[in-house]
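J.: Next up is a structure, given as structure tokens.
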Amino acid sequence: MFTDLIAAPPRPTGTAAVATDAVPARERFLQLLTRCLDDASLVKLSLAHYTGAQPDAGLTLQRLLVRPIVLRGEPALQFTWRYDTRDTVKNHPPGAGLQAIADVLGVAGFETAHLEWRDGDSGSTGVTRQAEFRHKLKGGRDKSKLVLGKASPAARDAAPATPADAAAGGAEDVAAAPASALAHNRSKQRELSLDLPCWVDLGLSTPGPDGHARLVPAMARKWKQINRFLEVVGAALEHSALADQRRVSVLDFGSGKGYLTFAMHAWLTAQGRQAAVTGVELRTGLVELCNSSARRHDLQGLDFSAGDVRDYQPDPVDVMIALHACDTATDHAIHLGLRAGAQLIVCSPCCHKQLRPQMKSPPLLRPMLQHGIHLGQQAEMVTDSLRALLLDAAGYDTQVFEFIALEHTSKNKMILAVKRPHDPPGHAATLMAQVDAIKAYYGVTEVCLQTLMQGG
Numbered sequence: 350m351f352t353d354l355i356a357a358p359p360r361p362t363g364t365a366a367v368a369t370d371a372v373p374a375r376e377r378f379l380q381l382l383t384r385c386l387d388d389a390s391l392v393k394l395s396l397a398h399y400t401g402a403q404p405d406a407g408l409t410l411q412r413l414l415v416r417p418i419v420l421r422g423e424p425a426l427q428f429t430w431r432y433d434t435r436d437t438v439k440n441h442p443p444g445a446g447l448q449a450i451a452d453v454l455g456v457a458g459f460e461t462a463h464l465e466w467r468d469g470d471s472g473s474t475g476v477t478r479q480a481e482f483r484h485k486l487k488g489g490r491d492k493s494k495l496v497l498g499k500a501s502p503a504a505r506d507a508a509p510a511t512p513a514d515a516a517a518g519g520a521e522d523v524a525a526a527p528a529s530a531l532a533h534n535r536s537k538q539r540e541l542s543l544d545l546p547c548w549v550d551l552g553l554s555t556p557g558p559d560g561h562a563r564l565v566p567a568m569a570r571k572w573k574q575i576n577r578f579l580e581v582v583g584a585a586l587e588h589s590a591l592a593d594q595r596r597v598s599v600l601d602f603g604s605g606k607g608y609l610t611f612a613m614h615a616w617l618t619a620q621g622r623q624a625a626v627t628g629v630e631l632r633t634g635l636v637e638l639c640n641s642s643a644r645r646h647d648l649q650g651l652d653f654s655a656g657d658v659r660d661y662q663p664d665p666v667d668v669m670i671a672l673h674a675c676d677t678a679t680d681h682a683i684h685l686g687l688r689a690g691a692q693l694i695v696c697s698p699c700c701h702k703q704l705r706p707q708m709k710s711p712p713l714l715r716p717m718l719q720h721g722i723h724l725g726q727q728a729e730m731v732t733d734s735l736r737a738l739l740l741d742a743a744g745y746d747t748q749v750f751e752f753i754a755l756e757h758t759s760k761n762k763m764i765l766a767v768k769r770p771h772d773p774p775g776h777a778a779t780l781m782a783q784v785d786a787i788k789a790y791y792g793v794t795e796v797c798l799q800t801l802m803q804g805g
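Every letter in the sequence shown is one number past the one before it in our numbering, and letter 294, counting from 1, is 643.
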């Protein structure tokens, strides 16, 4: 299968080494990928650092993620084209997929590629190995490299102990999972079970006559929001330093009735992680209600406390959540996440009041912003754009997007920030200059988050 496209090289073995064949590094990488498709050992492939022409106007292509699936009983490759604001997923037969990868690898395409496969020659269960291609031109000559070696011990240890763990999304080592776990057209699974007894306490469900819980009809939108939130957070976790971390601590500010707090605890626990989840809420009645339910059902690692985000003193935390925190409470929550060293910050802003009185309409925009609704939308956009830039300057990859359809809630914007391992020199200074330029353009004198970050 596919050997007519590129001859397969011998399987590399042993510890990490740099391949030095006379064959160009790009061709050797594609040969290795062909072999992985040939013997169905492919685990995953990711391509990054795109330098070619953007395929879609208005979007910036960032990555291409490829994984093996089974589509209608036949092997296939699922391509996830990751843009700055959305993902596009397409499935290809292996041969066509291999050609599509070759078309975008190297010059005027993706400059780096990371391949993982399972080497069955190294034990009955196989050892996960990796190869990395790095495209480089120097003086008009191809100086690309192909680096080969074993995957890290942490990656191997993260492999699921059972097929059920793999299907639940506990790891990306799909090559170790059975065919059923690779199936593409399988039935959709909710992130959470509606049968959790805490949902009855919180008014989300009612006990059914058959022993299974029934969703309260009026809570259908809330249930959809909960599951969509977990889908977003789950994807972010897998792209953060927390991907292989067993114990995960979460702080949920403005936890209210605790829907998301209970959901995070249940979701992390179902993954086999040790969850340490705390909900912080001003209203003591809701704190007592949630603590009572957590104790009643012996939910270890879940607790609630009364507190105000403006003066709460956090311990180090992995994930900081603040959904629908009003006005500058979102800024205080973000700053708290920064101080607590959170790897993941998730906010859904609400009530953008601070900037609107400060904003002066630029002359060109005055005819447009004379309408109150447009001025309000502009103030919301400027506020959250500045928050995103400040988070980026603080070392986080940040996205602002609509996380659920508008018909489910008007408060549907999310700011998602994932801590980067390092920043290039001058990155923060460039972003802070952009923040100052936007403030000057609109006549804004103070941004709460910036003041907090500067120690004001």
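Backbone N, C-alpha and C define an ideal beta-carbon position, used for all residues, glycine too.
Using 8 angstroms as the cut-off, can you tell me whether the stretch 693-705 makes contact with the stretch 583-600, which would need three or more C-beta pairs spanning the two stretches below that distance?
T.: yes
J.: LYS573 by DSSP, collapsed to three states: which one?
T.: helix
J.: Nearest to ALA462 by CA position, among ILE418, LEU394, VAL419, is which residue?
T.: LEU394
J.: At 4 residues or longer, and completely inside the stretch 558-634: list those alpha helix (DSSP H) runs for me, N to C.
T.: Whole alpha helix (DSSP H) segments, 4+ residues: 569-587, 608-619.
J.: For MET802, count the other beta carbons within 10 Å of its own beta carbon; 16 or more makes it buried, fewer makes it exposed. Which is it?
T.: buried
J.: May I ask which residues mark the beginning and end of the alpha helix (DSSP H) holding SER734?
T.: 721-742
J.: Residues in the same chain with beta-carbon distance under 6 angstroms from LEU551, minus the five sequence neighbours each way, listed in chain order, please.
T.: LYS606
J.: Express the C-alpha separation of PHE428 and LYS439 in angstroms, rounding to a whole number.
T.: 5 angstroms
J.: Would you give the residue range spanned by the alpha helix (DSSP H) that GLU376 belongs to?
T.: 374-387
J.: Please name the residue or residues paired with ASN440 in a DSSP beta bridge.
T.: GLN427
J.: Provide the residue(s) that pair with TRP466 in DSSP beta bridges, ordered along the chain.
T.: LEU391, ARG478
J.: Under the DSSP definition of a beta bridge, which residues are partnered with ILE694?
T.: BP columns for ILE694 point to MET669, ALA766.
J.: What is the rounded straight-line gap between the Cα of LYS702 and the Cα of THR677?
T.: 8 angstroms
J.: With DSSP as the reference, label VAL658 as helix, strand or coil.
T.: coil
J.: Kindly identify the DSSP beta-bridge partner or partners of TYR791.
T.: In the DSSP output, where bridge partners are listed per residue, TYR791 has none listed.
J.: Just reading off the beta strand (DSSP E) that THR679 is part of, what are its end residues?
T.: That residue, THR679, is in no beta strand (DSSP E); its alpha helix (DSSP H) goes 678-688.
J.: If I follow the unbroken alpha helix (DSSP H) through GLN312, where does it start and stop?
T.: Residue 312 is absent from the structure shown; the chain starts at 350 and stops at 805.
J.: Grouping DSSP H, G and I as helix and E and B as strand, with all else coil, what is ASP452?
T.: helix
J.: Report the three-state DSSP secondary structure of ARG535 (helix, strand or coil).
T.: Its pLDDT being 43, under 50, ARG535 is placed unreliably by the model, and the measurement read from it follows with that caveat. Here ARG535 sits in coil by DSSP.
J.: Report buried or exposed for ASP667, applying the criterion of at least 16 other Cβ atoms within 10 angstroms of its Cβ.
T.: buried
J.: Enumerate in chain order the residues of its own chain whose CB-to-CB distance from ALA532 is below 6 angstroms, with the five nearest sequence positions on each side excluded.
T.: Below a pLDDT of 50, predicted positions are generally treated as unreliable, and ALA532, at 49, falls in that range; the measurement from the model is reported next regardless. Residues VAL419 of the same chain have their beta carbon placed closer than 6 angstroms to that of ALA532, with the five preceding and five following residues left out of the count.
J.: Taking only the alpha-carbon atoms, compute the straight-line gap between ALA562 and LEU426 and give it to the nearest angstrom.
T.: 38 angstroms
J.: What residue range does the beta strand (DSSP E) around ASP405 cover?
T.: Neither: ASP405 is in no beta strand (DSSP E) and is coded neither H nor E.
J.: Whose C-alpha, out of GLN411, VAL476, GLY401, PHE459, is nearest the C-alpha of GLU437?
T.: Reading the sequence as shown, one finds Thr at residue 437 and not Glu. Distance from the Cα of THR437 is smallest, within the candidate group GLN411, VAL476, GLY401, PHE459, for GLN411.
J.: Is there contact here, the stretch 774-793 with the stretch 738-750, by at least three beta-carbon pairs under 8 angstroms?
T.: Contact holds between the stretch 774-793 and the stretch 738-750, because three or more Cβ pairs, one in each stretch, are under 8 angstroms apart.
J.: Within 10 angstroms of its Cβ, does GLN423 collect 16 or more other Cβ (buried), or is it exposed?
T.: Per the sequence presented here, residue 423 reads as Glu, with Gln not at that position. So GLU423 ends up on the exposed side.
J.: Put ARG644 into one of helix, strand or coil per three-state DSSP.
T.: helix
J.: Quick check: the stretch 603-619 against the stretch 655-672, are at least 3 beta-carbon pairs closer than 8 angstroms?
T.: yes
J.: With DSSP collapsed to three states, give me the class of PRO712.
T.: helix
J.: Who are the Cβ neighbours of ALA643 in its own chain at under 6 angstroms, not counting the five residues just before and after it?
T.: LEU651
J.: Cβ of GLY792 within 9 angstroms of Cβ of LYS709?
T.: yes
J.: Please report the distance separating the alpha-carbon of VAL874 from that of ALA619.
T.: Absent from the model: residue 874. The displayed extent of the chain is 350 to 805, so no value can be given.
J.: In whole angstroms, give me the CA-to-CA distance for VAL456 and LEU600.
T.: 44 angstroms
J.: In the DSSP output, which residue or residues are listed as bridge partners for SER554?
T.: LEU564
J.: Quick one, are the C-beta atoms of PHE750 and LEU765 less than 9 angstroms apart?
T.: Contact annotation: PHE750 and LEU765 have beta-carbon atoms nearer than 9 angstroms.
J.: Can you tell me whether DSSP reads GLN649 as helix, strand or coil?
T.: coil
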